[in-house]
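Here is the structure we will look at, set down as structure tokens.
Numbering (this note's numbering), first residue to last: 1 to 450.
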């Protein structure tokens, strides 16, 4: 099944471009470390998912690019075409000249309705090119105006136009120190609206990825491109083909559907986090060896201690003892309770790996059996130069602290009515803000009480 990617705003278009780059360089890598037959079915499956073939033989990304200013889109189009390995469809983009001025309300209430027809027309055309449409993958930032405001509007339009398709929103959480003074408003509005129309939100936090670039990738002067490449690598490690547990011999048919089915058992809990291990500069790979037990021991501790990368994990955090019916308020400090987890293993000897430690009932809420809450996908084909790599997509309390702090900061500004006039002039009233705060307070409370 195919996935149509919708890239929204500057951030969405820059990350989208890196994602297709990563997918393409992965399938071009001859390494594979697996049988020729396995490698070929992996290729075919990836191409069907993300690209449509053209007579010229150059794969064309199944993507729609949307921004309110032309610069980033024209850069993405020309960089992809220059690569010679893949390109964007030259008609599948929509841009204007004026931008959204980092104002969510401008993107949502003005640009959205004004350009709805043109944008949805492009999406419809891409969807019609798919033999079987698996769903939509949108990429956007929460801090600015276009990605966040127009992104939330377009997601609602997708939900209306394709009521039975899966929609996964990939959302970039802004730096805590801030890029935009009103980013907390924009983020609260984006999250609460996406919660209504999306099937799940896959969140990457800029601060976390920045740390990975500095500490694991040893990059001295970190650019947005470096950050985006780490994000793209992590996304590729989830969306490239893998065998699901009950999927027989073929690759997973519908990656988005399989992901939702495994990770979102209840509509109140839609926040997904992603961790990937190992991550290191390419020139260190030759000197490193990894064992599955070692990788998985780290990955499990990253999960329960809510560490975002394999350096600096708190090894003191332990799951509560099974059978001790502690009320959730007295849980061991910093322990990250999960609703559901998916581990994806790629590379040598995946079929010998023991994943029992992830099926420990004390990691999960009491209302799901561990065998329902945990799933694993595997493929013997290696991903992007790593002989062995593991990814964890987790529906857990990982975002609670960030979400709480974000809502708190936005509420402080709202209580003093700071900058509200910039939103009311585009028709977003105080009641709309209050509704959004209520939605997110409910999400925080649900995750806290796990």
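For every residue, glycine included, the Cβ atom is placed at its ideal position computed from N, Cα and C.
Q: Could you have a look at residue 325 and say whether DSSP puts it in helix, strand or coil?
A: Any reading at residue 325 needs caution, since the residue's pLDDT is 49, under 50, leaving its predicted position unreliable; the model's value is listed next. Coil.
Q | Backbone CA spacing between residue 129 and residue 135 [nearest angstrom] | A | 13 Å
(Q) Assuming residue 197 and residue 155 are in contact, meaning their beta carbons sit under 8 Å apart, how far apart are those beta carbons, in whole angstroms? (A) 5 Å
Q: Decide if residue 262 is buried, meaning its Cβ has at least 16 other Cβ atoms within 10 Å, or exposed.
A: buried
(Q) According to DSSP, is residue 11 part of a helix, a strand, or is it coil? (A) helix
**Q.** Best match in 282, 272, 424 for proximity to residue 395 [C-alpha to C-alpha]
**A.** 272
Q: Rounded to whole angstroms, what's the CA-CA distance from residue 148 to residue 36? Just pull it up for me.
A: 43 Å
Q) What's the call for residue 254, buried or exposed, on a 16-neighbour Cβ count within 10 Å? A) buried
**Q.** Integer-rounded CB distance, given that residue 186 should sit under 8 Å from residue 315
**A.** No, residue 315 and residue 186 are not in contact; Cβ-Cβ is about 37 Å, not under 8 Å.
(Q) Between which residues of its own chain and residue 233 is the CB-CB distance below 8 Å, once the five residues before and five after are set aside? (A) 22, 276, 279, 384
Q) Which residue from 65, 52, 102, 190 puts its Cα closest to that of residue 419? A) 102
Q.
Once DSSP output is grouped into helix, strand and coil, what is the label at residue 314?
A. coil
**Q.** Sequence-distant residues of its chain with Cβ nearer than 7 Å to residue 119 (five each side left out)
**A.** 66, 94, 154
Q.
According to DSSP, is residue 205 part of a helix, a strand, or is it coil?
A. strand
Q) Alpha carbon to alpha carbon, what distance is there between residue 250 and residue 176? A) 43 Å
Q. At which residues does the beta strand (DSSP E) containing residue 93 begin and terminate?
A. 93-95
(Q) What does the alpha-carbon distance come out to for the pair residue 283 and residue 212? (A) 16 Å
Q: Using only the heavy atoms of the ligand FAD, determine whether one of them is closer than 7 Å to the beta carbon of residue 383.
A: The model on display carries no ligand, and the ligand FAD is accordingly not part of it.
Q) Where does residue 284 sit, in a helix, a strand or coil, going by DSSP? A) helix
Q.
Taking 8 Å as the limit between beta carbons, can you name the residues of its chain near residue 54, skipping five residues before and five after?
A. 60
Q | Test item: CB-CB of residue 85 and residue 34 under 8 Å | A | no
Q) Assuming residue 64 and residue 122 make a contact with CB atoms under 8 Å, what is their CB distance in whole Å? A) 5 Å
Q: Compute the Euclidean distance between the alpha carbons of residue 449 and residue 17, then round it to the nearest angstrom.
A: 39 Å
Q | Chain-order list of residues whose beta-carbon lies under 7 Å from that of residue 433 (same chain, five-residue window excluded) | A | 414
Q: Please state whether DSSP places residue 334 in a helix, a strand or coil.
A: coil
Q: Indicate whether residue 260 and residue 166 have their beta-carbon atoms separated by less than 8 Å.
A: yes
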